[in-house]
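With our numbering as the guide, the letters of the sequence shown map in order to residues 1 to 185.
No residue lacks a Cβ here, since even glycine has one placed at the ideal position from N, Cα and C.
Fair warning: this is a prediction, and the values are worked out from it, not measured in the lab.
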Amino acid sequence: MDLWVHHGRFESRHERALYPLPLLFERWYLRMRSPSFDLSETAAAVDGRAHLFLDLKNGRKGVIPLIRATLRRFPGLHISASSSDWPTLRVLYDNLDDVDVFYSMAVPERLDLFLSVIERDTRPVGLSCRATLLTPAIIERMHALGLRVVAWTVDERDQARRLASWGVDAITTHKPAEIREALGS
C-alpha cells in the first residue's frame, strides 16, 4: 500500500496533496482528502495471514514511531517497506532492524544509480521496480547478490507470466485475483 505521513498519521493513497488545501490530485482528477488511518487497523485486518509491503512516499523519521507502534502491538507481523526517498530508507535502516527494506525505482536513471552502488550497500533486502524497467539480466544480478525483486504495477496477465518466468519474487497489482489465476497460484 502507498503510505504518506500527514500530521503524525499514515494516509493510504496514491494521490499527491495540494497544500495548503485539503485536496488531493492525480493526473486526471481531484478529490477531497480522506481521514488518516492507523497502520494497526490494517495489521488487525490481515490478522497474521499476510505480510505487509508498505511503499513509503514521504515521512523520513516520522515513519519510525508509526511502524514501531504497529510492530509492538502485533509482534509476529512481517513488514517490508520500499521507498524512492532514499533518506527515508536510511532512517529505516538505522531504527527498525525488523523491517525488510527495498529500494523503489521508477525511472531508468535511478535504477542505473542503484545498480552502480548496490554491491557496496548491504542494507537492502531487495529492489521494488517499475516492471517495464526490469530485464532478465537485472533480476539475475539481484538474485546473485541475494536480493529479492518486486515488480510493479503489473495488471496484465501476459506481463505477469513473463516476469514470473524471469524470476521476480513478487508482483504488485491492482488485479490480484486475475494475476493469481494467470500464475496458477
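Under the three-state reduction of DSSP, R148 is assigned to strand. Relative to the Cα of D121, the nearest Cα in the group A137, E140, A131, L89 belongs to L89. Where F53 is concerned, the enclosing beta strand (DSSP E) starts and stops at 52 to 56. Judged by their CB atoms, S80 and Y103 are not nearer to each other than the 8 Å cut-off. Secondary structure of D85 (DSSP, three-state): coil. Counting only unbroken stretches of 4 or more residues, the alpha helix (DSSP H) elements lying wholly within the segment 97 to 150 are 108 to 117, 136 to 144, in sequence order.
DSSP, read as helix, strand or coil, puts S40 in helix. Beta-bridge partners assigned by DSSP to I64: none are found.
When the alpha-carbon of L66 is set against those of L52, G48, D38, T42, the nearest one is in D38. Going by DSSP, S185 is part of no alpha helix (DSSP H) at all; its letter is neither H nor E.
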